[in-house]
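Worksheet for the structure shown next.
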Amino acid sequence: MFTRKNLSILLLFIMIFTLCSSVSFAAEAKPLADDPGVYYPGTHTKAKPGDMLVSNTTSSKGLTGHAAIVTDNLSVVHIGGYGENPEEISLSKFFKRYDNSVKVIRYTSSRDAKKAGEWARTYAEEYSDAKYDLAVKLSGFTHTYCSKIVWQAFYYGADVNLGNKRPSSTQLFEPYAILDLDDTREVEETGSW
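For reference, each letter of the sequence shown is one residue, going -26 to -1, 1 to 167 in mature numbering (1 follows the signal peptide of the UniProt record, and there is no 0).
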């Protein structure tokens, strides 16, 4: 039979074997860098939460261009125009709808951008019945327009004031203003500009 000494040695051997086995399995795991990610349609650019999308294919009674924001789950929040409401759609649907003529503008702080993307997703869920309207303050939630959603996402979600606008202002935050913001850079351009 087993003596106490033999049992101790056997137990020690089992513990060492178990420890070494789990370490070797952990070393075989795929590195996160191999994650293919989500890319903008027809590009080699990875989508990131908080990316601002600006298109030149739309005009809506006083507002030239169109803007949207990428959410924390890599979909897009926007409002299409009069008679529409805020919605969350896929990247591919957004690019198809706006003829693939899109500039992707990225905020320098990925942490703040992610917060903005999360706020935008929550806004689209909670205010899915908001009305499209250009004659509104930047601070209101029930009446909105495309680039106002982008501004609010950064202002309320990440405490970042794009373009240094006052929330009580009724001055439009225009889609093309996104192209010239401080602390941003263009990371992709598709279609014809």
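Even for Gly, the Cβ is constructed at its ideal location relative to N, Cα and C.
Just list the residues that DSSP pairs residue i with in beta bridges.
| i | result |
| --- | --- |
| Y129 | Bridge partners of Y129: none, in fact. |
| E163 | K77 |
| E158 | With the sequence shown as reference, residue 158 is identified as Thr, and Glu is not the correct amino acid for it. Beta-bridge pairing links T158 to Y81. |
Alpha carbon to alpha carbon, how far is residue i from residue j?
| i | j | result |
| --- | --- | --- |
| A41 | V12 | 20 Å |
| T144 | L112 | 6 Å |
| D107 | T158 | 27 Å |
| E160 | Q126 | 20 Å |
| K105 | N59 | 6 Å |
| E62 | T45 | 9 Å |
| G165 | D103 | 31 Å |
| N30 | E162 | 14 Å |
| A87 | P149 | 17 Å |
| G(-24) | R85 | Here residue -24 turns out to be Thr, not Gly, going by the sequence shown. The alpha-carbon atoms of T(-24) and R85 are separated by roughly 60 Å. |
| F68 | N74 | 8 Å |
| N47 | T32 | 25 Å |
| P15 | H117 | 30 Å |
| Y119 | G55 | 7 Å |
| V28 | V51 | 12 Å |
| E100 | I53 | 14 Å |
Per DSSP, what kind of secondary structure is residue i in: helix, strand or coil?
| i | result |
| --- | --- |
| L108 | coil |
| S49 | coil |
| N138 | helix |
| S121 | helix |
| S66 | helix |
| G39 | strand |
| S29 | strand |
| E100 | helix |
| E148 | coil |
| E61 | strand |
| K22 | coil |
When you compare the CB of residue i with every CB in chain D, is at least one pair closer than 8 Å?
| i | result |
| --- | --- |
| W93 | Among the chains of the structure shown, chain D does not appear; only one protein chain is present. |
Taking 7 Å as the limit between beta carbons, can you name the residues of its chain near residue i, skipping five residues before and five after?
| i | result |
| --- | --- |
| M26 | A41, I43, I79, V124 and I152 |
| N135 | Y129 |
Buried or exposed for residue i, going by 16 or more other Cβ atoms inside 10 Å?
| i | result |
| --- | --- |
| G57 | exposed |
| H18 | exposed |
| A90 | buried |
| A3 | Confidence in A3 is poor, its pLDDT being 38 and thus under 50, which makes the residue's placement too unreliable to answer from. |
| A109 | exposed |
| A7 | Residue confidence is low: A7 scores 41 on pLDDT, short of 50, so the model does not pin down where it sits. No coordinate-derived value is stated. |
| G39 | buried |
| W167 | exposed |
| K22 | buried |
| K77 | buried |
Can you list, in chain order, the residues of its chain with a C-beta nearer than 6 Å to that of residue i? Leave out the 5 residues immediately preceding and following it.
| i | result |
| --- | --- |
| P141 | L112 and S113 |
| S66 | P15 |
Excluding the 5 residues preceding and the 5 following residue i in the sequence, name in chain order all residues of the same chain whose CB lies nearer than 8 Å to its CB.
| i | result |
| --- | --- |
| G137 | W125, F147, A151 and L155 |
| Y92 | Reading the sequence as shown, one finds Glu at residue 92 and not Tyr. Excluding sequence neighbours, E92 sits near P23, T45, D46 and G131. |
| S49 | E62, I63, S64, L65 and R95 |
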